[in-house]
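Here is the structure we will look at, set down as structure tokens.
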Amino acid sequence: MQQEHVNSSHQPVRSRWMNYSWIMLALWACVAFGTVGCKAKKEARAAAEARAERISKARADLLAVINDQGSMSTDEKEAVVEQVKDMNLQDAELQNLIERAEAIIAEERAAARRGETRPDVAESGPTSESDLNGLFQRVSSARSDSDANSQIRSAMDMFASSETPVLIIISQSGGQTDYDEPTTINKYLNYLKDTKSAPAEVYNMVFDANGKIKELELIKRYN
Numbered sequence: 003m004q005q006e007h008v009n010s011s012h013q014p015v016r017s018r019w020m021n022y023s024w025i026m027l028a029l030w031a032c033v034a035f036g037t038v039g040c041k042a043k044k045e046a047r048a049a050a051e052a053r054a055e056r057i058s059k060a061r062a063d064l065l066a067v068i069n070d071q072g073s074m075s076t077d078e079k080e081a082v083v084e085q086v087k088d089m090n091l092q093d094a095e096l097q098n099l100i101e102r103a104e105a106i107i108a109e110e111r112a113a114a115r116r117g118e119t120r121p122d123v124a125e126s127g128p129t130s131e132s133d134l135n136g137l138f139q140r141v142s143s144a145r146s147d148s149d150a151n152s153q154i155r156s157a158m159d160m161f162a163s164s165e166t167p168v169l170i171i172i173s174q175s176g177g178q179t180d181y182d183e184p185t186t187i188n189k190y191l192n193y194l195k196d197t198k199s200a201p202a203e204v205y206n207m208v209f210d211a212n213g214k215i216k217e218l219e220l221i222k223r224y225n
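When you read off a place in the sequence shown, starting at 1, and then add 2, the result is the number in our numbering.
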């Protein structure tokens with residue numbers, strides 16, 4: 003009877019030890035799984051941030067193509083679009099921008115092909131007033147910015163530089179001539195493109211030794 007009493011007195015100690023072991027094991031499991039879960043969340047967050055950065059850069063690159071004012075060649079624009087497409091970001095806004103950029107590139111290609119059929123100004127001699135007036139009209143009435151930019155690039159072949167001075171006569175009376183604010187051919191052509199205004203007419207041109215226009219005088223006609 004005494005032996006049985008001793009054995010029963012050790013039962014609670016063993017039971018408490020088992021309970022403690024299970025508690026520690028459960029705590030270790032929670033810590034282990036919690037660490038894995040935190041790591042997975044951090045990796046997911048880092049991946050999401052990296053994707054957002056790639057989308058932001060791709061968006062900026064595509065907008066640079068779409069809003070270009072003549073600083074990028076058609077080949078350069080096409081390379082940017084292809085690079086974005088290769089990233090395969092699966093973003094609806096980017097896809098819309100890609101389609102807009104590709105439409106601009108296609109129109110520039112078509113405009114370039116149309117330009118190849120026109121005679122080279124340098125080969126046909128100095129530019130005539132009618133040639134220049136017609137070009138101004140085409141820039142002003144262009145259906146899109148890309149078409150207008152193509153016309154502007156063609157026009158630059160007629161001038162000694164993009165900074166060729168342009169004077170615009172706004173009135174003549176009693177031997178007095180009043181001019182608008184002086185500008186350059188590059189600024190004037192972009193003004194026509196942006197405002198779609200009726201262009202002033204050619205009044206006088208001064209050519210350099212290479213047959214390029216180095217000074218241009220226009221006059222506004224009022225109906």
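Heads up, the beta-carbon is just placed ideally off N, CA and C, and yes, glycines get one too.
Query                                                                                              : Result
Limits of the unbroken beta strand (DSSP E) element including D180                                 : 178-181
Assigned exposure category for K44 - 16 Cβ within 10 Å defines buried                              : exposed
Proximity of I187 and V168 at Cβ, strictly below 7 Å                                               : yes
Local conformation of S173 per DSSP, three classes                                                 : strand
Sub-7 Å separation of R102 and I68 beta-carbons                                                    : yes
Whole-angstrom distance between K222 and S175, CA atom to CA atom                                  : 14 Å
Same chain, Cβ closer than 6 Å to K195, five either side skipped, listed in chain order            : V141, A150
Exposure of P201, with buried meaning 16 or more beta-carbon neighbours within 10 Å                : buried
Short Cβ contact (7 Å threshold) for I106 with S148                                                : yes
Reduced DSSP category for L99 - H, G, I as helix; E, B as strand; rest coil                        : helix
L137 versus A157: straight-line alpha-carbon distance, rounded                                     : 7 Å
K214 vs A144 beta-carbon contact at 7 Å                                                            : no
Counted within 10 angstroms of its Cβ, other Cβ atoms place N181 as buried (16 or more) or exposed : The amino acid at residue 181 is misidentified as Asn; the sequence shows Tyr. Y181 should be labelled exposed.
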